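First comes the structure, then the notes that go with it.
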Amino acid sequence: SQRPQRTEETVKSGGRTSVAAAPKPAEAPRGSTLSFTERKRLDDLPGVISRLEAEIARLHDLLADPELFTREPVKFRKATEALTERQTALETAETEWLDLADRV
Numbered sequence: 290s291q292r293p294q295r296t297e298e299t300v301k302s303g304g305r306t307s308v309a310a311a312p313k314p315a316e317a318p319r320g321s322t323l324s325f326t327e328r329k330r331l332d333d334l335p336g337v338i339s340r341l342e343a344e345i346a347r348l349h350d351l352l353a354d355p356e357l358f359t360r361e362p363v364k365f366r367k368a369t370e371a372l373t374e375r376q377t378a379l380e381t382a383e384t385e386w387l388d389l390a391d392r393v
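Numbering-wise, the working numbering puts 385 at position 96 of the sequence shown, and it's gapless, one number per residue.
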């Protein structure tokens, strides 16, 4: 069995050994934490968001017609469903973009 070497610190503390706290690990660097697929997605998302915003605007214009519901109820229903889907997709895309951009 080996005896621990007496260091200057051990001598100063009267022979008692103390365990120093382990240094805290440094935070990982913030750059390049995205995988290739995530970086590609981050690059593609602004186009996806623009496309969804354009589709939402088109659907709003279509649904602004006060006669649409009575004249073409099926078209009205489909447009309403499409609008809800696009709004959900837009919210998801924006959230994903913010999350990915935050990690860069």
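All C-beta atoms, glycine included, are put in the ideal place defined by N, C-alpha and C. This structure is a prediction, so every number in the text was calculated from the model and none was measured.
Cα-Cα separation between residue i and residue j, rounded to whole angstroms
{"i": "THR373", "j": "GLY336", "result": "20 Å"}
{"i": "LEU334", "j": "LYS364", "result": "29 Å"}
{"i": "ALA346", "j": "ILE338", "result": "12 Å"}
{"i": "LEU352", "j": "ARG392", "result": "38 Å"}
{"i": "ARG360", "j": "ASP350", "result": "16 Å"}
{"i": "ALA378", "j": "LEU348", "result": "14 Å"}
{"i": "ALA355", "j": "THR326", "result": "First, the amino acid is wrong: residue 355 is Pro here, not Ala. Those two C-alpha atoms are separated by around 44 Å."}
{"i": "ALA397", "j": "ARG366", "result": "Past the edges of the chain, shown from 290 to 393, lies residue 397, and the structure says nothing about it."}
{"i": "LEU357", "j": "GLU380", "result": "27 Å"}
{"i": "THR384", "j": "GLN376", "result": "12 Å"}
beta-carbon residue i near the ligand MG non-hydrogen atom, thresh 7 Å
{"i": "LEU348", "result": "Because no ligand of any kind appears in the structure shown, any question about the ligand MG cannot be addressed here."}
Residue environment, residue i, which counts as buried when at least 16 other CB atoms sit within 10 Å
{"i": "LEU387", "result": "exposed"}
{"i": "ALA343", "result": "exposed"}
{"i": "ALA368", "result": "buried"}
For residue j and residue i, believed in contact at Cβ under 8 Å, the rounded distance
{"i": "LEU323", "j": "LEU389", "result": "6 Å"}
Stretch-stretch touch, CB-based, cutoff 8 Å, three pairs: the segment 363-373 with the segment 324-331
As far as the Cβ criterion goes, the segment 363-373 does not touch the segment 324-331, which means the pair count is below three.
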